[in-house]
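Residues in the sequence shown are numbered consecutively from 1, following the numbering used here. Written below as structure tokens is the structure these notes are about.
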Amino acid sequence: MRFFSNYCNNDVRLMGKTVIITGANCGIGKETARDIYRRGARVILACRDINKATEAVNDIKETTSSAGEKNPEDKPGQLVICQLDLSSLTSVKNCAQHLLKTEPAIHILINNAGVFLHPFEKTENGFETHIQVNHLAHFLLTLLLLPRIIESGPGCRIINVSSAAHLGGNIHFEDLNLERSYSPVRAYCQSKLANILFTKELNKQLITAEIQGIHVYSLHPGVVKTELCRYMDASFFRGMTSIVRLIQPFMKTAEQGAQTTLYCAVDENAGKESGLYYDNCRTARPSSKACNAELATRLWKRSCELLGLPSEVGFQELVKTISGEEVEQ
Numbered sequence: 001m002r003f004f005s006n007y008c009n010n011d012v013r014l015m016g017k018t019v020i021i022t023g024a025n026c027g028i029g030k031e032t033a034r035d036i037y038r039r040g041a042r043v044i045l046a047c048r049d050i051n052k053a054t055e056a057v058n059d060i061k062e063t064t065s066s067a068g069e070k071n072p073e074d075k076p077g078q079l080v081i082c083q084l085d086l087s088s089l090t091s092v093k094n095c096a097q098h099l100l101k102t103e104p105a106i107h108i109l110i111n112n113a114g115v116f117l118h119p120f121e122k123t124e125n126g127f128e129t130h131i132q133v134n135h136l137a138h139f140l141l142t143l144l145l146l147p148r149i150i151e152s153g154p155g156c157r158i159i160n161v162s163s164a165a166h167l168g169g170n171i172h173f174e175d176l177n178l179e180r181s182y183s184p185v186r187a188y189c190q191s192k193l194a195n196i197l198f199t200k201e202l203n204k205q206l207i208t209a210e211i212q213g214i215h216v217y218s219l220h221p222g223v224v225k226t227e228l229c230r231y232m233d234a235s236f237f238r239g240m241t242s243i244v245r246l247i248q249p250f251m252k253t254a255e256q257g258a259q260t261t262l263y264c265a266v267d268e269n270a271g272k273e274s275g276l277y278y279d280n281c282r283t284a285r286p287s288s289k290a291c292n293a294e295l296a297t298r299l300w301k302r303s304c305e306l307l308g309l310p311s312e313v314g315f316q317e318l319v320k321t322i323s324g325e326e327v328e329q
């Protein structure tokens, strides 16, 4: 048994749909792309490493059955690569501009990419790696693509892959970079809490602006073996990596880890919900901090300020003007 592995058991087809997945070249992102490609969607793998993304595309195509040759309705979709380096806000903006030019519709955005227990380092934009890659960059990407997503509704979905690690998280507004006392664990937990708060506030902003047809989700993929060993010794203690390897047989595989993302992306019941947190293909209750509406609003405004976006304007105005805004680089 691999830590309560439920599966997204439905055969919903996604022909005619465009799905963007960040970090889709490996792990649960790649398995999410594989499943959605089989459902007939146009899948855009937004990845930093083009070579690894190309390898992922080739693997997905090679391992996908040729059922579509017998039944056109079962034909797989398309796989497209788009360069995206979340540690660079310039890259985020360039990626969004490219997608807005090439994609007439965006139906599902899956903010999947992330870093885990990274040693202290600042990005070229001056932000600590976890808070930028896991939160700020996805915040910006989502807002830049939002006008197209709104046009593509109803039934569009935005999915933020968080983690149960948010339970130990706090938002350190006075020191988001955690420079005063850095810990990779604290940095990761903070960024995962930010994912859920962003989901909560985005849902509120959409409702307040009376923008219908977009559903937003955050989720815990489970304890997945593919993402846990790098930097373990440096983040905890020497030998931690070896301990983790001992319990790897009981962890979720990447395919199992992708199931809750897929549930949020395609399930009919999930399509009736928005702003909630999911674990093992069902709704779950996150931490009290993750449910704090004031904290979510404060983080939204602070994120806008850090990205050079207007933080006090109405959501409709923000959506209308953001494509023309000069984002701080």
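Glycine included, C-beta positions come from ideal geometry on N, C-alpha and C.
Based on Cα-Cα distance, which residue from the options lies nearest to residue i?
i	options	result
residue 61	30, 73 and 128	30
residue 259	22, 302, 27 and 183	27
residue 36	53, 75 and 71	75
residue 21	13, 43 and 15	43
residue 174	48, 298 and 309	298
residue 307	92, 47 and 140	140
residue 277	270, 286 and 269	286
residue 290	191, 108, 107 and 145	191
residue 263	99, 218 and 177	218
residue 39	17, 170, 50 and 49	17
residue 166	99, 155 and 116	116
residue 311	46, 143, 131 and 288	143
residue 82	72, 65, 73 and 56	56
residue 156	176, 212 and 321	212
residue 169	268, 313, 194 and 274	194
residue 15	32, 41 and 7	41
residue 321	87, 267 and 145	145
residue 304	268, 202 and 270	202
residue 210	93, 87, 154 and 225	154
residue 91	137, 112 and 100	137
Identify every residue that forms a DSSP beta bridge with residue i.
i	result
residue 128	122
residue 22	46
residue 276	217
residue 252	224
Looking at the structure shown, is residue i part of a helix, part of a strand, or coil, going by DSSP?
i	result
residue 283	strand
residue 109	strand
residue 80	strand
residue 313	coil
residue 2	Low local confidence applies: a pLDDT of 44 at residue 2 is under 50, so the model's placement there is unreliable, with the coordinate-based value given in what follows. Looking at residue 2 - three-state DSSP - the assignment turns out to be coil, as it is neither helix nor strand.
residue 8	coil
residue 178	coil
residue 308	coil
residue 35	helix
residue 318	helix
residue 298	helix
residue 266	helix
residue 303	helix
residue 231	Low confidence applies to residue 231: its pLDDT is 48, below 50, so where it sits in the model is not reliable enough to give any reading.
residue 114	coil
residue 56	helix
residue 61	helix
residue 166	helix
Is it buried or exposed, residue i, if we count other Cβ atoms within 10 angstroms and call 16 or more buried?
i	result
residue 126	exposed
residue 63	exposed
residue 119	exposed
residue 265	buried
residue 148	buried
residue 214	buried
residue 162	buried
residue 96	buried
residue 59	exposed
residue 104	exposed
residue 256	buried
residue 282	exposed
residue 122	exposed
residue 284	exposed
residue 316	exposed
Quick one: give me the first and last residue of the beta strand (DSSP E) that residue i is part of.
i	result
residue 161	156 to 161
Would you kindly report the start and end of the unbroken alpha helix (DSSP H) that includes residue i?
i	result
residue 98	89 to 102
residue 289	Segment: none, residue 289 is in no alpha helix (DSSP H) and carries neither H nor E.
residue 190	184 to 208
residue 148	137 to 151
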